[in-house]
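A.B. asks: Residue numbers (my numbering): 207 to 563. C-beta atoms are modelled at their ideal positions from N, C-alpha and C, and glycine is treated no differently. Please find one structure pasted underneath; my questions will follow.
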């Protein structure tokens, strides 16, 4: 008789309370207010008078063991031994004594890290896997983040923007395309090149056909062998066909480009969430520093910083001044390719005579 199968342990996520600072556990759901003493530092006050200072540090998403141990040693020596990571991969230290805040900041900066990323700053850029792990990346998302944050370090360290700015990078548009105020996405501009000699041995053809979002792939016989073909008029160059069928190579050093989208917003605070819109496409994909993409992002942030009113998010600023003036402010060309032309785009087009110039 076969051995009885072991039942899986469905634990889900670990209980977060065991890792919380004791004061945070004790006052869960009982906070009265919080203040912002300086960029990178928050002070939360509970209804019973307890106070917790949180120091946010700019750290990359992909950390090595040495860096993690260094950060933890700083927390044990100068903090109270409790840390957590934000959704944008920044480490935060919690202390209950205000006298510990400045020595902790000094130790952090001496170790080469930056304190900031709170309130009206350019927060840490979130990113997808890139070349380290993903199988279809057109660019290295983490490398783009490193290059841009080197240029935007002062905007992270200080809180001088009209409102918070969230930037995301995605190494492809079909799987990990994210949303933020500004998003840098990769766009493949050429259909995949098919190695017909390998398709029959490597690919499960029905799965590849089913995976295409626009039904541009169909079975074919090439040189007497079962293979696939692509209808280039339908193909949107997304790269979704490459993971189940590596012989359909779409990455290309020359024709894989970057695109920048702006105006995305998750918040429901003053208006409904908004989708991003394309502002720049065909940007050269030039590692290791990606200077062209970085220059455009800096230009957009400069125009936003100078032209937006207090507490306006980027999408609200653009909505107020209008898209024509936005393109003038950031000195980017507007082409016919910026206009939505898919069958459901009518909802997003201006259908009135009211136009901002």
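Out of 287, 395 and 293, state which residue places its alpha-carbon closest to the alpha-carbon of residue 300.
C.D. replies: Walking along the chain shown from the start, residue 300 turns up at place 94. For the residues 287, 395 and 293, the minimum Cα distance to residue 300 belongs to 287.
A.B. asks: Are three or more beta carbon pairs between the region 463-471 and the region 441-453 nearer than 8 angstroms?
C.D. replies: In short, these stretches do not touch, since the Cβ pair count stays below three.
A.B. asks: If contact is defined by three or more beta carbon pairs under 8 angstroms, each pair taking one atom from either stretch, is the region 512-521 in contact with the region 467-480?
C.D. replies: Segments in contact, yes.
A.B. asks: In whole angstroms, what separates the C-alpha of residue 493 from that of residue 232?
C.D. replies: Residue numbering aside, residue 493 sits at position 287 when the chain shown is read from its first letter. Residue numbering aside, residue 232 sits at position 26 when the chain shown is read from its first letter. Using only the alpha carbons, I get a separation of about 48 angstroms.
A.B. asks: Should the region 346-363 be called in touch with the region 498-509, which here means at least 3 C-beta pairs below 8 angstroms?
C.D. replies: At 8 angstroms Cβ cutoff, the stretches touch.
A.B. asks: Judging by CA-CA distance, which residue of 279, 358, 309 and 330 is the nearest neighbour of residue 296?
C.D. replies: Along the chain shown, one-based indexing puts residue 296 at 90. The shortest Cα separation from residue 296 among 279, 358, 309 and 330 belongs to 330.
A.B. asks: Can you look up residue 471 in the DSSP assignment and give me helix, strand or coil?
C.D. replies: For the purposes of this step, residue 471 is identified with residue 265 of the chain shown, where counting begins at 1. In this structure, residue 471 counts as strand in the three-state DSSP scheme.
A.B. asks: To the nearest angstrom, how far is the alpha carbon of residue 541 from that of residue 508?
C.D. replies: By one-based count along the chain shown, residue 541 stands at place 335. By one-based count along the chain shown, residue 508 stands at place 302. Looking at the two C-alpha atoms, the distance is approximately 22 angstroms.
A.B. asks: Could you check where the alpha helix (DSSP H) with residue 402 kicks off and where it finishes?
C.D. replies: Counting from one through the chain shown, the residue named residue 402 turns up at place 196. 402-408 is the span of the alpha helix (DSSP H), which, as asked, contains residue 402.
A.B. asks: Are residue 273 and residue 313 closer than 9 angstroms when you measure CB to CB?
C.D. replies: If you number the chain shown from 1, residue 273 lands on position 67. If you number the chain shown from 1, residue 313 lands on position 107. In this structure, residue 313 does not lie closer than 9 angstroms to residue 273 by Cβ.
A.B. asks: For residue 375, which of 544, 360 and 344 has the nearest alpha-carbon?
C.D. replies: Residue 375 sits at position 169 when you count from the first residue of the chain shown. Answer by Cα proximity: 344.
A.B. asks: Could you name each continuous beta strand (DSSP E) segment of 3 residues or more that falls completely within the region 458-532, going from the start of the chain to the end?
C.D. replies: For the region 458-532, whole beta strand (DSSP E) runs of length 3 or above, ordered along the chain, are 462-468 and 483-489.
A.B. asks: Terminal residues of the continuous alpha helix (DSSP H) containing residue 352?
C.D. replies: Within the chain shown, the letter at position 146 stands for residue 352. Its alpha helix (DSSP H) spans residues 347-357.
A.B. asks: Please check the pair residue 328 and residue 362, which I expect to be a contact at CB under 8 angstroms, by giving their CB distance rounded to whole angstroms.
C.D. replies: Mapped onto the chain shown, residue 328 falls at position 122. Mapped onto the chain shown, residue 362 falls at position 156. Rounded, the Cβ-Cβ distance is 6 angstroms, consistent with contact.
A.B. asks: Mapping the DSSP letters down to three states, classify residue 413 as helix, strand or coil.
C.D. replies: In the chain shown, counting from the first residue as 1, residue 413 sits at position 207. Residue state, collapsed to three classes: helix.
A.B. asks: Should residue 298 be labelled buried (16 or more other beta-carbon atoms within 10 Å of its own) or exposed?
C.D. replies: Residue 298 sits at position 92 when you count from the first residue of the chain shown. So residue 298 ends up on the buried side.
A.B. asks: Would you identify the three-state DSSP class for residue 291, choosing helix, strand or coil?
C.D. replies: In the chain shown, counting from the first residue as 1, residue 291 sits at position 85. Note: residue 291 maps to strand in three-state DSSP.
A.B. asks: From which residue to which residue does the alpha helix (DSSP H) around residue 230 run?
C.D. replies: For this step, residue 230 is matched to residue 24 along the chain shown. Segment 228-232, the alpha helix (DSSP H) holding residue 230.
A.B. asks: Please report the residue range of the alpha helix (DSSP H) in which residue 316 lies.
C.D. replies: Mapped onto the chain shown, residue 316 falls at position 110. It spans 307-316 - the alpha helix (DSSP H) in which residue 316 sits, taken as one unbroken run.
A.B. asks: Between the Cα of residue 222 and those of 234, 531 and 216, spot the shortest distance and give me the residue it belongs to.
C.D. replies: For the purposes of this step, residue 222 is identified with residue 16 of the chain shown, where counting begins at 1. Here the closest residue by C-alpha is 234.
A.B. asks: Taking 9 angstroms as the cut-off, decide whether the C-beta atoms of residue 449 and residue 422 are in contact.
C.D. replies: Against the chain shown, residue 449 aligns to sequence position 243. Against the chain shown, residue 422 aligns to sequence position 216. In this structure, residue 422 does not lie closer than 9 angstroms to residue 449 by Cβ.
A.B. asks: For residue 339, does the three-state DSSP call read helix, strand or coil?
C.D. replies: Translated into positions along the chain shown, residue 339 becomes position 133. The answer is coil: DSSP assigns residue 339 none of H, G, I, E or B.
A.B. asks: For residue 227, is the classification buried or exposed, using 16 other Cβ atoms within 10 angstroms of its Cβ as the cut-off for buried?
C.D. replies: For the purposes of this step, residue 227 is taken as the residue at position 21 of the chain shown. Looking at its Cβ environment, which holds 16 or more other Cβ atoms inside 10 Å, residue 227 is buried.
A.B. asks: When you measure from the CB of residue 413 to every non-hydrogen atom of the ligand FAD, does any distance come out below 8 angstroms?
C.D. replies: The ligand FAD is absent from the structure shown, which contains no ligands of any kind.
A.B. asks: Does the beta-carbon of residue 367 have 16 or more other beta-carbons within 10 angstroms, so that it is buried, or is it exposed?
C.D. replies: The residue labelled residue 367 in the question sits at position 161 within the chain shown. Buried, since its Cβ has 16 or more Cβ neighbours within 10 Å.
A.B. asks: Taking the beta carbon of residue 459 as the centre, do at least 16 other beta carbons fall within 10 Å, making it buried, or is it exposed?
C.D. replies: By one-based count along the chain shown, residue 459 stands at place 253. Exposed, because fewer than 16 other Cβ atoms sit within 10 Å of the Cβ of residue 459.
A.B. asks: Since residue 377 contacts residue 341 with CB under 8 angstroms, what's their CB separation in whole angstroms?
C.D. replies: Position 171 of the chain shown, counting from 1, holds the residue named residue 377. Position 135 of the chain shown, counting from 1, holds the residue named residue 341. So it is not a contact: roughly 10 angstroms between Cβ atoms.
A.B. asks: Considering only residues of the same chain and omitting the five flanking positions on each side of residue 357, which have a CB-CB separation below 7 angstroms?
C.D. replies: Here residue 357 is taken as the residue at index 151 of the chain shown, counted from 1. Once the five neighbours on either side are set aside, the close Cβ partners of residue 357 are 500 and 504.
A.B. asks: Does DSSP classify residue 456 as helix, strand or coil?
C.D. replies: Here residue 456 refers to the residue found at position 250 when the chain shown is read from its first residue. Looking at residue 456 - three-state DSSP - the assignment turns out to be coil, as it is neither helix nor strand.
A.B. asks: Residue 532: buried (16+ other C-beta within 10 angstroms of its C-beta) or exposed?
C.D. replies: Residue 532 sits at position 326 when you count from the first residue of the chain shown. That one is buried.
A.B. asks: Alpha carbon to alpha carbon, how far is residue 243 from residue 372? Give it in angstroms, no decimals.
C.D. replies: For the purposes of this step, residue 372 is taken as the residue at position 166 of the chain shown. For the purposes of this step, residue 243 is taken as the residue at position 37 of the chain shown. Going by the C-alpha atoms only, they are around 22 angstroms apart.
A.B. asks: For residue 410, collect the residues of the same chain with a Cβ closer than 6 angstroms to its Cβ; drop the 5 residues on either side in sequence, then sort them by chain order.
C.D. replies: Locating residue 410 in the chain shown gives position 204, counting from the first residue. None.
A.B. asks: Using 10 angstroms around the beta-carbon of residue 335, count the other beta-carbons present and answer buried if the total reaches 16, otherwise exposed.
C.D. replies: Start at 1 with the first residue of the chain shown, and residue 335 comes out as number 129. By the 10 Å Cβ count, residue 335 comes out buried.
A.B. asks: Determine whether the beta carbon atoms of residue 245 and residue 365 lie at a separation below 9 angstroms.
C.D. replies: Mapped onto the chain shown, residue 245 falls at position 39. Mapped onto the chain shown, residue 365 falls at position 159. Yes, Cβ-Cβ distance for residue 245 and residue 365 is below 9 angstroms.
A.B. asks: For residue 277, does the count of other Cβ atoms within 10 angstroms reach 16, so buried, or fall short, so exposed?
C.D. replies: The residue given as residue 277 occupies position 71 in the chain shown. Looking at its Cβ environment, which holds 16 or more other Cβ atoms inside 10 Å, residue 277 is buried.
A.B. asks: Please report how far the alpha carbon of residue 433 lies from the alpha carbon of residue 326, in whole angstroms.
C.D. replies: If you number the chain shown from 1, residue 433 lands on position 227. If you number the chain shown from 1, residue 326 lands on position 120. If you take the alpha carbons of residue 433 and residue 326, they lie about 54 angstroms apart.
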